[in-house]
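Protein chains in written order, with our numbering: chain A, 60 to 287; chain B, 11 to 365.
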């Protein structure tokens, strides 16, 4: 049996990797949905958001049939690139990432909505390219949403269970994160004490992420809604 | 020169502008809804015309025919919006540097210190925009736009948010900037007295069409025609009747009991004319002047004194209501107040004929 430290470290590694991996994508999608109009936008928006309301087990199942060893994309990745995305820690990252992405996208979407497009026009008249406008104006002014979304996504990734157990399975030392370990211990006759330790750790980690969120938000001094 | 021939068709509005604007301090004047802001946006590249072409000093900014539509960033046009649109997360200094650092070195026309000094923003460079007053924000926005070294500056009613005296001092300041840096300016204005006092030329926009371009006084009758402004808003407009042509080359025109002596006019006796005297061209005296070259001396009584920033408008009842523009120091020097008898001195050449 694994010791709790390894389980906690694996959990943190999975959740952190998933968050960092999804952060650029989530910021891009949030901006895209807020600022751009394109064909199939609502369909795409729905697709990104569907894991939010779908039972995570179903999301895991879809991941398995697409990216699993016999999946459409998974088989191709295995045969041509030698990459296996199921039943390892990368699978846990992907499961956690896909499930937490909508939280990030929604937070960024709302935050970018609140950035006055008139400021972007002003930047355009000051010779800033569209990239520079995004990084110098839009992103800093929606930083609160990005931070809140990132912390929320991290918390969600840390607690991911359903999609992970289907797509990454419950392999101690490899894919067994805190929620999976708690589930396992509770089903063992003598596991209750171990489960309780991890429950406590979960509470501490959750509390720490909220503190981190507050700390980061306090560092943004300006009022993002004022444009004059 | 700004060559502007463009149409923009919207579901319930059609804009059609056709004008060649000489490099000067030009006012774009018209009632609200006439398409003034849209016109600026077309020049800036924030909006695209449905058809036509826009050139600036030979550079093609837009041409439907040649499929040219330069991005706003490539037009070398500066824009000061209705609101200052300073970036709230940056200090005033960082706002000023935003355009400057993105302007290629060889294209830079102004030095940072020079603009900071000319716009008077030095004292609040380190502050955040939300702590500035309306006037300070406008000056910071102006400094920011200038530092991006535009070839042309657009201003969209930057004055709407300011009170009248702040508005006038900003306009005066803007005119100084225009003269100092030889920067052509096109600014949107609702206020006819601003147009008359500050602009070298005016473009009239009415119902989505450009319907006149020229020096403000030459277009005064056009601007004064309803529904643009009511005639009462323009000071010193008099409808007179030609009374006599004297042998010394002076034409006498009468309105009520008043008689004006004007340079010789070809108009027939009995003909009605519309005359205007710019408020700044009337001289005020507290004693009856003698041995002057000016031909018109009227006696009257001050009825009102209004302070507008660096100007003072004195209303005088002298048979008709006259408005005289003076500087604040004069009020004190001559101890002017309501009810005081004064004399108005008007040179024959100060009269402008409107129609």
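Even for Gly, the Cβ is constructed at its ideal location relative to N, Cα and C.
Item: Neighbour-count burial assignment, residue 348/B, 16 or more Cβ in a 10 Å radius; Value: exposed
Item: Proximal residues, the stretch 183-211 of chain A versus chain B, C-beta separation under 8 Å; Value: 183, 184, 185, 186, 187, 188, 191, 195, 196, 199, 200
Item: Three-state secondary structure (DSSP) of residue 291/B; Value: helix
Item: Contained beta strand (DSSP E) runs [length at least 3] in the stretch 76-101 of chain B, N- to C-terminal order; Value: 87-90
Item: Under 8 Å from the C-beta of residue 276/A: neighbouring residues of chain B; Value: Within 8 Å Cβ-Cβ: nothing; residue 276/A doesn't reach chain B, min ~14 Å.
Item: Under the three-state DSSP convention, the category residue 174/A falls into; Value: coil
Item: Beta-carbon proximity list for residue 353/B, same chain, < 8 Å, skipping 5 on both sides; Value: 294, 295, 296, 297, 298, 299, 307, 308, 309, 310
Item: Residue 116/A in three-state terms, based on DSSP; Value: helix
Item: Near the ligand FAD: residue 234/A beta-carbon under 7 Å from a heavy atom; Value: Looking at this structure, you won't find the ligand FAD or any other ligand, since it has none at all.
Item: Extent of the continuous beta strand (DSSP E) run through residue 327/B; Value: 321-327
Item: Secondary structure of residue 262/B, DSSP reduced to three states; Value: strand
Item: Residue 225/A burial status per 10 Å Cβ neighbour count (16 or more: buried); Value: buried
Item: Supposed close pair residue 117/B, residue 65/B - CB separation, criterion 8 Å; Value: Actually they do not touch by this definition, with Cβ atoms about 19 Å apart.
Item: Helix, strand or coil at residue 285/B according to DSSP, with G and I counted as helix; Value: strand
Item: Per-residue contacts from residue 178/A into chain B (C-beta, under 7 Å); Value: 95, 97
Item: Proximal residues, the stretch 252-263 of chain A versus chain B, C-beta separation under 8 Å; Value: none
Item: Run of the beta strand (DSSP E) containing residue 249/B, from where it starts to where it stops; Value: 247-255
Item: Where residue 296/A falls: helix, strand or coil (DSSP); Value: With chain A covering 60 to 287 only, the question about residue 296/A has no answer from this structure.
Item: 3-residue-minimum beta strand (DSSP E) runs that sit fully inside the stretch 296-359 of chain B, ordered along the chain; Value: 306-318, 321-327, 331-336, 351-356
Item: Residue 224/A, enclosing alpha helix (DSSP H) - first and last residue; Value: 221-226
Item: Candidates 305/B, 287/B, 198/B: closest to residue 45/B by CA position; Value: 198/B
Item: Residue 93/B burial status per 10 Å Cβ neighbour count (16 or more: buried); Value: buried
Item: Inter-stretch contact at 8 Å, needing at least 3 Cβ pairs: the stretch 193-204 of chain A / the stretch 212-219 of chain A; Value: no
Item: Per-residue DSSP class, three states only, for residue 273/B; Value: strand
Item: Bridge-paired residues (DSSP) for residue 15/B; Value: 28/B, 63/B
Item: Interface partners of residue 170/A on chain B, CB under 8 Å; Value: None at all; the shortest Cβ gap to chain B is about 13 Å.
Item: Any chain A beta carbon closer than 8 Å to residue 177/B; Value: no
Item: Alpha-carbon spacing of residue 103/A relative to residue 137/A, whole angstroms; Value: 27 Å
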